[in-house]
Each structure stands twice: as structure tokens, then as C-alpha cells.
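A short worksheet on the structure shown next.
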Amino acid sequence: MSASAAVISGDRGALISDGRVRDYNHAEDNEYQRLRGLAEEARKKRQQLSHESQEAYKQGDGARAHQLSEKAKVQQRLIDQHNMEAAEYVFVQNNADSSSDEIDLHGLYVKEALWILQKRIAAGVRNHEPFVKVIVGKGNHSQGGLAKIKPAVEEMCQEANLKNYLDRKNQGVLIVELENANLPSSWGNAEFTSGKPQESHQANVYHAPQQPQYQQQPQQQPQQQPQQQQQQQQQQGSSGDGDLLVKLLRLFCVCIQKNV
Numbered sequence: 001m002s003a004s005a006a007v008i009s010g011d012r013g014a015l016i017s018d019g020r021v022r023d024y025n026h027a028e029d030n031e032y033q034r035l036r037g038l039a040e041e042a043r044k045k046r047q048q049l050s051h052e053s054q055e056a057y058k059q060g061d062g063a064r065a066h067q068l069s070e071k072a073k074v075q076q077r078l079i080d081q082h083n084m085e086a087a088e089y090v091f092v093q094n095n096a097d098s099s100s101d102e103i104d105l106h107g108l109y110v111k112e113a114l115w116i117l118q119k120r121i122a123a124g125v126r127n128h129e130p131f132v133k134v135i136v137g138k139g140n141h142s143q144g145g146l147a148k149i150k151p152a153v154e155e156m157c158q159e160a161n162l163k164n165y166l167d168r169k170n171q172g173v174l175i176v177e178l179e180n181a182n183l184p185s186s187w188g189n190a191e192f193t194s195g196k197p198q199e200s201h202q203a204n205v206y207h208a209p210q211q212p213q214y215q216q217q218p219q220q221q222p223q224q225q226p227q228q229q230q231q232q233q234q235q236q237g238s239s240g241d242g243d244l245l246v247k248l249l250r251l252f253c254v255c256i257q258k259n260v
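Okay, so the sequence shown: first residue is 1 according to full-length UniProt numbering, each after it adds one.
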């Protein structure tokens with residue numbers, strides 16, 4: 001797992017609603033670790049391919065640079081796929097026994113957690129819920145012992161003028177009030193893409209290195225071809241984002257409907 005990937009780590013602790021003890025710990029879950037591991041392997045391959053593409057371009061071999069860049073894009077799609085699978089998996093495991101007014105973000109990267117939470121808050125506002133309890137963890141098992149999700153969620157709430165405060169009974173739980181909330185319109189339909197949901201959180205989320213920015217010689221590539229490729233890539237990205245939106249919304253909507 002890359003050093004820049006901030007994940008809520010550690011066990012979930014006591015259930016805040018009825019006193020039952022949660023025994024699931026994603027850090028000990030082989031399937032979760034396998035999926036994150038596959039994403040990390042793809043990230044390393046993408047980084048190497050991007051480096052080789054840059055070197056090929058510097059040496060004047062535009063055709064090879066383009067070929068390597070396309071291979072790097074394949075690895076990026078694998079990164080997104082495996083991380084999406086890991087996010088889906090850990091979210092289901094963590095929220096299987098959650099109360100309808102709770103959402104557990106353990107095991108998610110910061111970007112994933114904020115994106116899902118925005119959707120959960122938007123759904124709560126539509127359903128006229130008074131608040132949502134966000135299990136953010138205390139950061140006891142995070143790198144350096146510093147919480148990653150909690151400050152990111154607090155910043156997100158501050159930007160949206162959402163009142164929030166720590167649960168007096170559990171310092172790993174942030175209560176976000178939803179009454180009279182005026183949310184950004186993007187929270188209801190934001191796509192899950194690199195750099196979202198908030199640019200200010202990019203330092204805390206996982207990033208694969210950027211694709212090399214090489215330019216083809218005019219005689220090698222017609223001008224409109226890169227434009228067509230870009231449109232195709234955008235269409236493919238939008239399709240993937242839509243799949244993720246549908247899947248994760250379906251997952252936490254199950255939690256919303258429980259105990260209602």
C-alpha cells in the first residue's frame with residue numbers, strides 16, 4: 001500500500017447504538033488485503049510504465065512513448081477496479097450491523113470515504129433525518145498515530161456549513177447534523193474520479209503518478225486523433241464512475257433502510 005494512501009485502520013470498537021461488540025477488523029481480512037494489494041501492484045506497474053514512457057519521449061521515440069502510455073492507462077484502470085472492489089467489500093463488512101443512523105468509514109481511503117459520506121448525507125437530508133453518526137476512528141492505528149478521516153470530514157462539513165461534533169460517548173464518532181442543511185448540488189451526483197470530491201483533500205488520498213505529457217509530431221499523428229482518443233477515454237471513465245455510484249449507493253442505502 002502506498003504511503004500516500006490514507007486509510008482508517010484498526011478494529012471498530014464497541015457498537016455505539018446497542019452495546020454489541022463488533023469483531024470485524026479489515027486489517028486482518030485476507031480478502032480486503034488481497035484487493036488493496038492488487039491495486040498497489042498495479043500502481044507500481046503504472047509508475048514504471050509512465051517513467052519508461054517519459055524516457056522514450058525524451059529519446060525522440062514518440063511511437064514507443066505512446067505505446068507505454070497506453071499500457072499505463074490499463075494499469076490505472078486496474079488500480080481503480082481493485083480499489084473499488086476493496087471499498088465495496090469493506091463497506092459491506094463494516095456496515096452489516098450498523099444502525100440506520102450510522103455509517104462506518106473504516107478501511108476506506110480518504111477520497112472513498114468522503115465521496116460515500118457525501119452521498120449518505122445527501123440521502124439523509126432528502127429523508128429529513130436529523131443527523132448521521134459517522135464512525136471515523138481515532139487514528140490509533142494510522143501512520144504516525146494521526147487520524148486522517150476525522151479532519152477531512154470536519155473540513156468537508158465546514159465547507160458545507162454542516163454543524164458537527166464528537167460523540168461524548170465515543171471520540172471515534174462524529175455526529176453531523178442534517179436539519180436545515182443546504183448542500184452543494186454536486187453531493188447528490190458527483191462522479192468518483194481522481195481529485196474528487198474535494199481538491200483540498202488530494203494530499204490525503206491515493207494517487208498514481210500522472211501520465212507523461214508528450215506531444216506527437218504533426219506528421220506522425222493527425223491533430224484530431226488525440227481529440228478522439230480523449231473523448232473515448234472520457235466516455236469510458238464516465239461509465240466506470242456510474243457503475244461505482246450505483247453499486248456504492250445501493251450498499252449504503254441498505255443501511256439507511258434498516259431499523260426504519
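Where a beta carbon is used, it is the ideal one built from N, C-alpha and C, also for glycine.
Asked: Rounded C-alpha distance that separates Leu-183 from Glu-129; Found: 14 Å
Asked: CB contact flag (Leu-38, His-82, <8 Å); Found: yes
Asked: According to DSSP, residues forming a beta bridge with Glu-177; Found: Phe-131
Asked: Span of the beta strand (DSSP E), counted from its first residue to its last, around Asn-164; Found: 164-167
Asked: Own chain, CB closer than 7 Å to Cys-157, minus 5 neighbours either side, in chain order; Found: Asn-164 and Val-176
Asked: Local conformation of Asn-95 per DSSP, three classes; Found: helix
Asked: Exposure label - Gln-75; buried when at least 16 CB within 10 Å; Found: buried
Asked: Sheet register partners of Lys-102 (DSSP bridge); Found: Strictly speaking, residue 102 in this sequence is Glu, with Lys absent from that position. Partner(s): Lys-133.
Asked: First through last residue of the alpha helix (DSSP H) which encompasses Tyr-32; Found: 30-58
Asked: Own chain, CB closer than 7 Å to Ala-181, minus 5 neighbours either side, in chain order; Found: Val-125 and Leu-162
Asked: Span separating the alpha-carbon of Ala-123 from that of Lys-44; Found: 37 Å
Asked: Counterpart residues of Asn-170 in DSSP-defined beta bridges; Found: Asp-167
Asked: Beta-carbon contacts of Glu-31 that lie in its chain and below 7 Å, excluding the five residues immediately before and after; Found: Tyr-89
Asked: Secondary structure of Asp-80, DSSP reduced to three states; Found: helix
Asked: Presumed contact (8 Å Cβ cut-off) between Val-110 and Ile-79, rounded CB distance; Found: The Cβ separation is near 16 Å, so there is no contact.
Asked: Beta carbon of Asp-92 nearer than 8 Å to that of Lys-133; Found: For the sequence presented, residue 92 should be read as Val rather than Asp. No, these two residues do not count as a Cβ contact at 8 Å.
Asked: Exposure of Glu-102, with buried meaning 16 or more beta-carbon neighbours within 10 Å; Found: buried
Asked: Nearest-angstrom Cβ-Cβ length linking Glu-112 and Ala-87, presumed shorter than 8 Å; Found: 5 Å
Asked: Exposed unless 16 or more other CB atoms sit within 10 angstroms - verdict on Arg-168; Found: exposed
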